[in-house]
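Enquirer: Have a look at the structure that comes next, please.
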Amino acid sequence: MKKYTYTDKKDTRSGFGAGLLEAGKRNDKVVALCADLIGSLKMADFIKEFPERFFQTGIAEANMMGIAAGLTIGGKIPFTGTFANFSTGRVYDQIRQSIAYSDKNVKICASHAGLTLGEDGATHQILEDIGLMKMLPGMTVINPCDYNQTKAATIAIAEHEGPVYLRFGRPVVPIFTDADQKFEIGKAWMVNEGADVSIFATGHLVWEAIQAGEQLAEMGIDAEIINIHTIKPLDAEAVLKSVAKTGCVVTAEEHNRLGGLGDSIAQLLAVNNPTPQEYVAVNDSFGESGTPAQLMTKYGLDAKHIVEAVQRVMKRKK
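The numbering of the sequence shown is full-length UniProt numbering, which starts it at 1 and goes up by one.
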């Protein structure tokens, strides 16, 4: 098992803030909109540098999406910012009609995704957003794993033509990817090559998968770990190549098991190479209040549960 270490922890939303500022410096067509959550979305540095390119819409998320769609007509590249729940569920009609159907070049940037916004509880958490967004034709869906990858993804989507959903979070997590990485939309990242089981992880669960891989190595299990940061378009070639070698799959995500990464992998395999699969995901329920660590443990989203899923799926393979 390849060793990954870290010297710092940061929230992925801060990676978005840093990436937005850099994207703004590189391209003067980049503009930002926020629904009264500047601090939570880490937009302050962009606003300080480019005050004339920022639009505060207030707590009016549907209007924000409509304004963003309109700005693209004048050649702007708008980045919208609010919590993931309000970036998707609250404004799905506006996204579907004004952005996706119209193929507008809007970047929907969503913080506090999944369970790990913690104490705010179920009304602010969303575990359905990946499913909602990946079903929209033409929508790219990205869920990076740490500060550096989120920063790189934010810069990359400014150069991508078409609507994008970028998902990130609130808790501080280890920074273990390269600071100078080039983010390739739709290209999976091989974290660790292995032969016994394929673990496809996304977002905060990538680090948990790495921790699980180390535990599995001590048990004599050689896990292949792949970071699926782009859920749509899915890197089908990387998935099928890995599964052809290992013969069994675990998917890991901070999302409902219905409609997320696991479903995308299962659909691909059902058509091309039916394979035993186990899910590490929230099992068709809403969340609740608690610390991020408590919720990850209670809902089975930590390294321990990935190890257990690997043990189950390998028995099915045999």
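Don't be surprised by glycine CBs; every beta carbon is placed ideally from N, CA and C.
Tell me the rounded alpha-carbon separation between Phe183 and Ile157.
Expert: Straight through space, the alpha carbons of Ile157 and Phe183 are spaced by roughly 9 Å.
Enquirer: Determine contact between the stretch 189–206 and the stretch 240–254, defined as no fewer than three beta-carbon pairs at a distance below 8 Å.
Expert: yes
Enquirer: What would DSSP say about Gly114, mapped onto helix, strand or coil?
Expert: strand
Enquirer: Classify Arg13 as helix, strand or coil using the three-state DSSP reduction.
Expert: helix
Enquirer: What is the DSSP secondary structure of Thr88, reduced to helix, strand or coil?
Expert: coil
Enquirer: Using three-state DSSP, classify Thr202 as helix, strand or coil.
Expert: coil
Enquirer: Please state whether DSSP places Asn256 in a helix, a strand or coil.
Expert: strand
Enquirer: What would DSSP say about Ile175, mapped onto helix, strand or coil?
Expert: Here Ile175 sits in coil by DSSP.
Enquirer: Which residue spans inside the stretch 234–314 form an unbroken alpha helix (DSSP H) run of at least 4?
Expert: 236–246, 261–272, 292–298
Enquirer: In the DSSP assignment, find the unbroken alpha helix (DSSP H) run with Lys232 in it and report its ends.
Expert: Taken as a continuous stretch (DSSP letters only), Lys232 belongs to no alpha helix (DSSP H), being part of the beta strand (DSSP E) at 230–232.
Enquirer: Helix, strand or coil for Tyr147 per DSSP?
Expert: helix
Enquirer: Can you grab the Cα-Cα spacing for the pair Thr80 / Phe176, in whole Å?
Expert: 27 Å
Enquirer: Taking all protein chains shown into account, decide if Thr7 is buried (16 or more other Cβ within 10 angstroms of its Cβ) or exposed.
Expert: Thr7 comes out exposed.
Enquirer: Please report how far the alpha carbon of Val141 lies from the alpha carbon of Ile231, in whole angstroms.
Expert: 6 Å
Enquirer: Return helix, strand or coil for Gly19, following the three-state DSSP convention.
Expert: helix
Enquirer: DSSP state of Gln125, grouped into three classes?
Expert: Gln125 falls in the coil class under three-state DSSP.
Enquirer: Quickly, what does DSSP pair Gln97 with across the bridge? List them, please.
Expert: Bridge partners of Gln97: none, in fact.
Enquirer: How do the stretch 294–304 and the stretch 197–216 stand: do at least 3 beta-carbon pairs fall below 8 Å, yes or no?
Expert: yes
Enquirer: First and last residue of the alpha helix (DSSP H) that includes Phe183?
Expert: It is not in any alpha helix (DSSP H) - Phe183 carries neither H nor E in the DSSP assignment.
Enquirer: In the DSSP assignment, find the alpha helix (DSSP H) that holds Glu49 and state where it starts and stops.
Expert: 44–49
Enquirer: So which of Ala293, Leu127, Asp180 has the shortest CA-CA distance to Phe86?
Expert: Leu127
Enquirer: With a threshold of 16 other CB atoms inside 10 Å of the CB of Pro163, please say whether the residue is buried or exposed.
Expert: buried
Enquirer: Could you tell me the boundaries of the beta strand (DSSP E) in which Leu136 lies?
Expert: Run containing Leu136: none; DSSP gives neither H nor E here.
Enquirer: Note down the Cα distance separating Ala44 from Ile38, rounded to an integer number of angstroms.
Expert: Whole-angstrom Cα-Cα distance: 6 Å.
Enquirer: What three-state label does DSSP hand Asn227 in the structure shown?
Expert: If DSSP states are grouped into helix, strand and coil, Asn227 belongs with the strands.
Enquirer: Measure how close the beta-carbons of Asp222 and Arg167 come, nearest whole angstrom, since I'm counting them as under 8 Å.
Expert: Not a contact, Cβ separation roughly 30 Å.
Enquirer: Does the contact criterion of 3 or more C-beta pairs under 8 Å hold for the stretch 232–239 versus the stretch 307–318?
Expert: no
Enquirer: Terminal residues of the continuous alpha helix (DSSP H) containing Ile38?
Expert: For Ile38, the enclosing alpha helix (DSSP H) has its first and last residue at 38–41.
Enquirer: Which residues in the same chain as Glu288 place their Cβ atom closer than 7 Å to its Cβ, once the five residues preceding and following it in sequence are excluded?
Expert: Gly121, Ala122
Enquirer: Would you please state the rounded distance, in angstroms, between the beta carbons of Gly89 and Leu132? I believe it to be under 8 Å.
Expert: 7 Å
Enquirer: Between the C-alpha atoms of Asn143 and Val191, what's the straight-line distance to the nearest angstrom?
Expert: 16 Å
Enquirer: Any idea what DSSP makes of Lys107, helix, strand or coil?
Expert: strand
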